[in-house]
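Colleague:
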Amino acid sequence: MNYILNYPLGELSASEAGESDVLKNLEATVHRKQEILKQSRTAKLWLQYSEMVQVLRQFIKAERTGNWPLHLQSIQEMLPFLAASGHNLYTKTAYVYLMTMQSLDEDHPDVYASFINGNHVIRRSNRYWAGISSDLFIEQVLMRSVKTAGGLTRGRGMTESQRSLWLMSMPACAEINQAMQDLSGVGYFSSEQHKDETHARQKKDTNDIQTLLTFLKSRNPFIDSEVDRSLRNIETGVVADKTVNVDDAKKVGTSILQELVGKNIADHTFRRKKQAITLGNKVQAKLDGEPLRIDSQLLFQRCTTAAHGIFEDISEIFQFELCGVPSSIFETTGLPREPQKSTLAEYMWNLIGLKPKAPTETHFVLDGGSLIHRLPWAKGATVDTICMTYVNYVNNHYTDATVVFDGYPSVPTTKDVTHFRRTKGIISPKVNFNNDTPIKTKKDEFLSNSENKQHFINTLGEKLKDGHVQVIHAEDDADLKIVLTAIEKSKQHTTTVIGEDTDLLILLCYHSKDAINKIYFKSEAKQNTHKIKIWDITETRRKIGPLVCNILPFIHAFSGCDTTSRIFGQGKGTVFKKISTNIKLQDHAAVFCQESNVESIHKAGEQIFVALYGGLLDVETLDMLRYRIFASKVCVGNIYVQVHTLPPTSDAAKLHCIRVYHQTQVWIGKGDKLDPKDWGWHVEDNKLLPIRALLPPAPEKLLRIIRCNCKLNCDTKRCSCRKHGIDCSPACGECRGMNCSNTSNITEADELDDR
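Position 624 (the sequence shown) corresponds to 624 in this note's numbering; numbering is contiguous.
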């Protein structure tokens with residue numbers, strides 16, 4: 001590097017600098033580092049994304065500067081990614097275009113010479129970065145004048161003579177325009193400075209870069225491959241299975257392009273199964289094993305539209321979800337809808353109307369997980385210093401205390417979804433530490449690694465014991481252990497449970513029926529909170545009633561908890577109110593709190609779903625109710641029906657109900673012998689994930705007609721989409737709903753211009 005820096009000014013050309021051994025060594029070093037990083041599939045994907053961005057920047061540079069060889073190079077480098085992503089028409093046309101242009105020097109040497117001189121782009125000025133692509137120039141000039149006052153689409157007509165007259169008059173109009181500017185002294189001028197170089201634009205770019213860096217700092221995709229070699233979404237933490245190969249998109253696209261060699265491009269058909277498979281394909285509807293890349297709401301609309309005339313009774317199709325996932329209980333990502341647990345506690349607090357005072361003498365039972373997140377960590381502090389901070393805090397605030405910690409086993413658990421949702425895609429490397437090890441990473445990042453967290457909990461537990469604090473370690477989730485510990489302590493004296501989780505309140509109301517002394521539940525004091533809710537569990541049980549308290553675990557699990565889905569449009573307060581005021585629903589809920597078989601669980605759960613959505617108990621099934629609600633919305637509404645506002649199908653509800661049963665049994669202390677895999681869960685990548693549905697998203701014959709495989713323009717009744725009165729969409733095999741005559745995109749664009 002010193003060789004380059006110390007070289008006399010003006011005596012080293014750019015080409016000579018590029019060929020220097022120093023830069024070659026730097027390039028080789030960077031390449032070696034990239035190959036090491038690529039051992040992690042996530043890093044490999046992001047390096048590939050960086051390459052794609054570089055190709056795009058290279059193409060923009062070629063257009064702005066009029067660099068013809070760079071233009072062709074960029075098109076060639078784009079092709080594998082276009083093919084892998086399924087942009088079939090772009091792939092075909094770009095492939096033919098590239099082949100034609102590469103032989104331009106032999107076929108049309110005069111045109112080639114002009115393009116080499118930078119004339120494949122249009123310029124309004126002689127500035128270096130002012131080139132405009134021909135298609136963009138056509139949009140800005142020709143198409144704009146077509147659609148403005150006096151243009152062809154504004155009343156003149158589109159006959160051959162009218163088009164000829166309009167085009168031939170354009171040079172004369174331009175001369176008149178220039179003459180008017182000269183006469184009036186008014187003209188259009190622009191600065192020599194490009195708009196991308198203005199102070200405002202540079203400031204915005206800097207802020208955007210900082211935002212991106214802040215996000216990536218805690219979700220670094222380029223972590224050591226020894227820590228994590230998986231392919232994951234760095235925002236949600238969702239891990240791809242082995243079928244996902246989007247990190248090899250360039251390789252996949254290259255193999256697709258090789259099939260085009262020597263073939264007639266118009267007759268060639270691309271196969272979806274050979275395209276890159278993304279993480280989103282896992283939650284999409286499939287036909288013949290191939291994913292239909294289509295939005296869930298759009299799929300629902302197309303299914304309900306196309307079903308008329310195919311099914312004698314359209315209500316038959318509502319036993320299927322008609323979208324990629326059961327959207328009333330799952331998000332479009334395939335994850336369960338995130339619960340809003342605190343709303344149940346809020347509803348109960350307003351219902352009972354109690355404001356008890358904290359007891360003066362009590363034994364405290366602390367939720368260890370809440371305690372860990374309660375105190376901040378000083379940056380660079382040692383493990384011993386951090387642990388002593390917790391010990392001093394507990395001894396100063398709770399004179400007689402027992403701390404119960406969660407366990408984080410290496411085997412799959414039903415809380416796996418919650419764990420990686422809470423980490424928000426952050427993956428921290430395992431840290432081998434002892435008491436003297438300084439922790440230099442952020443607390444949340446350090447604890448996002450389950451091995452780090454378990455090791456720290458074990459270390460903290462020993463320090464608390466040395467500080468005369470009782471410590472209990474649960475094997476996995478500690479909620480039940482905390483409650484049972486509090487009930488055991490209440491045999492000798494009044495007990496107060498300290499925690500933030502609504503689960504603790506629900507379990508205390510259920511299990512404390514045999515408590516001898518009073519049990520209280522409250523949150524830890526916070527600086528910005530003046531009033532802390534203190535729950536007298538005995539009085540809470542008396543106000544709510546023993547019958548409802550005995551089914552509270554079911555109500556909480558059914559309406560959404562850490563292991564079960566929230567039901568769209570059915571808040572916890574609504575579920576609590578409807579069940580607590582209906583004896584028949586309470587009988588159905590009791591099925592979940594006793595030993596029951598799958599059939600009785602499904603029957604009871606379906607009736608509760610029917611009641612929540614306003615159906616007729618013991619008369620309507622969920623599938624019947626789905627159709628009735630859909631039909632009523634269509635009749636009275638002037639907008640399309642959102643699929644997630646409908647009840648789940650009987651199939652999806654059954655799986656939800658057996659997961660609710662499993663969680664309810666765990667909470668009441670009878671779930672030890674229940675295998676989650678028998679109750680609506682399956683293992684994937686060493687994680688327990690909920691089974692979304694057993695039935696396909698829609699009948700196969702319906703899926704076949706909502707997409708076409710037209711190789712031409714979709715302008716005849718041979719197009720299955722046009723035949724059934726629906727627009728082509730991204731699910732279609734060839735056209736993808738773009739650049740064909742059976743799409744509303746062009747019409748919508750025209751309407752947008754009219755506004």
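Note that CB positions come from ideal geometry on N, CA and C, so glycine has one too.
Can at least three beta-carbon pairs, one atom from the stretch 434-443 and one from the stretch 380-387, be found at a separation below 8 Å?
Modeller: Flag = yes, the stretch 434-443 and the stretch 380-387 touch.
Colleague: Compare the Cα-Cα distances from G368 to each of K251, G614, I482, D503 and report the closest residue.
Modeller: In the sequence shown, the residue the question calls residue 368 occupies position 368. Among K251, G614, I482, D503, the Cα nearest to that of G368 belongs to I482.
Colleague: Would you identify the three-state DSSP class for A285, choosing helix, strand or coil?
Modeller: Here residue 285 refers to the residue found at position 285 of the sequence shown. Bear in mind that a pLDDT of 47 at A285, under 50, signals an unreliable position, so the number given afterwards is only what the model happens to contain. Three-state result, A285: coil.
Colleague: Give me, in chain order, the residues of the same chain whose beta-carbon lies closer than 8 Å to that of H268; leave out the 5 immediate sequence neighbours on both sides.
Modeller: Position 268 of the sequence shown, counted from the start, is the residue given in the question as residue 268. Cβ within range, chain order: K92, E259, L260.
Colleague: Assuming K513 contacts P546 (C-beta within less than 8 Å), just tell me the rounded distance between them.
Modeller: Numbered from 1 along the sequence shown, position 513 holds the residue referred to as residue 513. Numbered from 1 along the sequence shown, position 546 holds the residue referred to as residue 546. So it is a contact: roughly 7 Å between Cβ atoms.
Colleague: Please go through the stretch 379-423 and give each complete alpha helix (DSSP H) segment of 4 or more residues, from N-terminal end onward.
Modeller: Listed in chain order, they are 383-397, 416-423.
Colleague: Taking just the CA atoms, how far does S161 sit from L167?
Modeller: In the sequence shown, counting from the first residue as 1, residue 167 sits at position 167. In the sequence shown, counting from the first residue as 1, residue 161 sits at position 161. Answer to the nearest angstrom: the Cα atoms are 10 Å apart.
Colleague: Return helix, strand or coil for S15, following the three-state DSSP convention.
Modeller: In the sequence shown, the residue the question calls residue 15 occupies position 15. The answer is helix: DSSP assigns S15 an H, G or I state.
Colleague: For G614, count neighbouring C-beta atoms within 10 Å of its own C-beta (all shown protein chains included) and say buried if the count is 16 or more, exposed if not.
Modeller: Counting from 1 along the sequence shown, the entry for residue 614 is found at position 614. Exposed is the call here.
Colleague: If you draw a straight line from the alpha carbon of Q663 to that of E500, how long is it in whole angstroms?
Modeller: One-based indexing of the sequence shown puts residue 663 at position 663. One-based indexing of the sequence shown puts residue 500 at position 500. Taking the straight line from one Cα to the other gives about 20 Å.
Colleague: Is A358 closer than 7 Å to I534 when the C-beta atoms are compared?
Modeller: Residue numbering aside, residue 534 sits at position 534 when the sequence shown is read from its first letter. Residue numbering aside, residue 358 sits at position 358 when the sequence shown is read from its first letter. Yes; because the gap between Cβ atoms is below 7 Å, this pair is in contact.
Colleague: Straight-line CA distance for N395 to R422?
Modeller: Indexing the sequence shown from 1 puts residue 395 at position 395. Indexing the sequence shown from 1 puts residue 422 at position 422. Answer to the nearest angstrom: the Cα atoms are 29 Å apart.
Colleague: Within 10 Å of its beta-carbon, does V411 have 16 or more other beta-carbons around it, so buried, or fewer, so exposed?
Modeller: For the purposes of this step, residue 411 is taken as residue 411 along the sequence shown, with counting starting at 1. Classification for V411: exposed.
Colleague: Please state whether the Cβ-Cβ distance between K355 and D562 is less than 7 Å.
Modeller: Residue mapping note: residue 355 aligns to position 355 of the sequence shown, counting from 1. Residue mapping note: residue 562 aligns to position 562 of the sequence shown, counting from 1. No.
Colleague: Could you give the C-beta distance for A486 and T495, rounded to a whole number, given that I count them as a contact under 8 Å?
Modeller: Indexing the sequence shown from 1 puts residue 486 at position 486. Indexing the sequence shown from 1 puts residue 495 at position 495. 5 Å between Cβ atoms; contact.
Colleague: Tell me, please, which residues DSSP counts as bridged to G131.
Modeller: Working through the sequence shown from its first residue, we reach residue 131 at position 131. Looking at the DSSP assignment, G131 forms a beta bridge with R123.
Colleague: For the alpha helix (DSSP H) that G313 lies in, which residues bound it at each end?
Modeller: For the purposes of this step, residue 313 is taken as residue 313 along the sequence shown, with counting starting at 1. Per the sequence presented here, residue 313 reads as Asp, with Gly not at that position. No alpha helix (DSSP H) contains D313, which DSSP labels as neither H nor E.
Colleague: Could you tell me how far apart the beta carbons of I579 and I601 are, in whole angstroms, since I believe they sit closer than 8 Å?
Modeller: Walking along the sequence shown from the start, residue 579 turns up at place 579. Walking along the sequence shown from the start, residue 601 turns up at place 601. Actually they do not touch by this definition, with Cβ atoms about 16 Å apart.
Colleague: Taking E757 and S218 to be in contact with their CB atoms under 8 Å, please state how far apart those CB atoms are, rounded to whole angstroms.
Modeller: The requested residue 757 does not occur in the structure, where the chain is confined to residues 1 to 755.
Colleague: Give the list of continuous alpha helix (DSSP H) stretches no shorter than 4 residues that lie fully inside the stretch 222-275.
Modeller: Here the runs fully enclosed are 249-258.
Colleague: May I ask which residues mark the beginning and end of the beta strand (DSSP E) holding W681?
Modeller: Here residue 681 refers to the residue found at position 681 when the sequence shown is read from its first residue. 681-684 is the extent of the beta strand (DSSP E) around W681.
Colleague: Quick one: what's got a C-beta closer than 7 Å to P676's C-beta in the same chain, skipping five residues either side?
Modeller: Here residue 676 corresponds to residue number 676 of the sequence shown, with the count starting at 1. Cβ neighbours of P676 beyond the five flanking positions: T414, H662, L688.
Colleague: From S20 to A28, what does the alpha carbon distance come to, in whole angstroms?
Modeller: On the sequence shown, residue 20 is found 20 positions in, with the first residue counted as 1. On the sequence shown, residue 28 is found 28 positions in, with the first residue counted as 1. Cα to Cα, S20 sits roughly 13 Å from A28.
Colleague: Between A130 and R123, is the Cβ-Cβ spacing less than 7 Å?
Modeller: On the sequence shown, residue 130 is found 130 positions in, with the first residue counted as 1. On the sequence shown, residue 123 is found 123 positions in, with the first residue counted as 1. Cβ atoms of A130 and R123: closer than 7 Å.
Colleague: Taking the alpha carbon of M388 as the reference point, which residue from V469, Q586, S230, E338 has its own alpha carbon closest?
Modeller: Counting from 1 along the sequence shown, the entry for residue 388 is found at position 388. Residue V469 is the option with its Cα nearest to M388.
Colleague: Quick one: any contact between the stretch 623-634 and the stretch 642-662, if contact means 3 or more CB pairs under 8 Å?
Modeller: Result yes; three or more Cβ-Cβ pairs closer than 8 Å.
Colleague: For a quick check, are the C-beta atoms of E524 and I551 less than 7 Å apart?
Modeller: As a working note, residue 524 is residue 524 in the sequence shown. As a working note, residue 551 is residue 551 in the sequence shown. No. Outside cutoff.
Colleague: Answer with buried or exposed for C657, where buried requires no fewer than 16 other C-beta atoms within 10 angstroms of its C-beta.
Modeller: What you label residue 657 is simply residue 657 of the sequence shown in a count that begins at 1. Buried, since its Cβ has 16 or more Cβ neighbours within 10 Å.
Colleague: Run through the stretch 432-476 for me and flag every whole beta strand (DSSP E) of 3 or more residues, listed as ranges in chain order.
Modeller: The qualifying runs are 470-473.
Colleague: Three or more beta-carbon pairs under 8 Å between the stretch 71-83 and the stretch 231-246, yes or no?
Modeller: Not touching, per the Cβ criterion.
Colleague: Could you work out which residue in I544, Q570, K491, V186 is closest to R337 when comparing CA atoms only?
Modeller: Taking the first residue of the sequence shown as position 1, residue 337 is located at position 337. The shortest C-alpha separation from R337 is found at Q570.
Colleague: Check W377 in the structure and name its three-state DSSP category.
Modeller: Translated into positions along the sequence shown, residue 377 becomes position 377. It is coil, neither helix nor strand.
Colleague: Among residues of its own chain, excluding the 5 on either side of G187, which ones have a beta-carbon nearer than 6 Å to its beta-carbon?
Modeller: Numbered from 1 along the sequence shown, position 187 holds the residue referred to as residue 187. Q181.
Colleague: Need the endpoints of the beta strand (DSSP E) that V497 sits in, please.
Modeller: Your numbering for residue 497 matches position 497 in the sequence shown. Looking at the DSSP string, the run of the beta strand (DSSP E) that includes V497 is 495-498.
Colleague: Using the Cα positions of A611 and Q665, report the straight-line distance between them to the nearest angstrom.
Modeller: Taking the sequence shown and counting its residues from 1, one reaches residue 611 at position 611. Taking the sequence shown and counting its residues from 1, one reaches residue 665 at position 665. When rounded, the distance between both Cα atoms is 23 Å.
Colleague: Okay, do the stretch 640-648 and the stretch 325-335 touch, 3+ Cβ pairs below 8 Å being the bar?
Modeller: Touching, yes.
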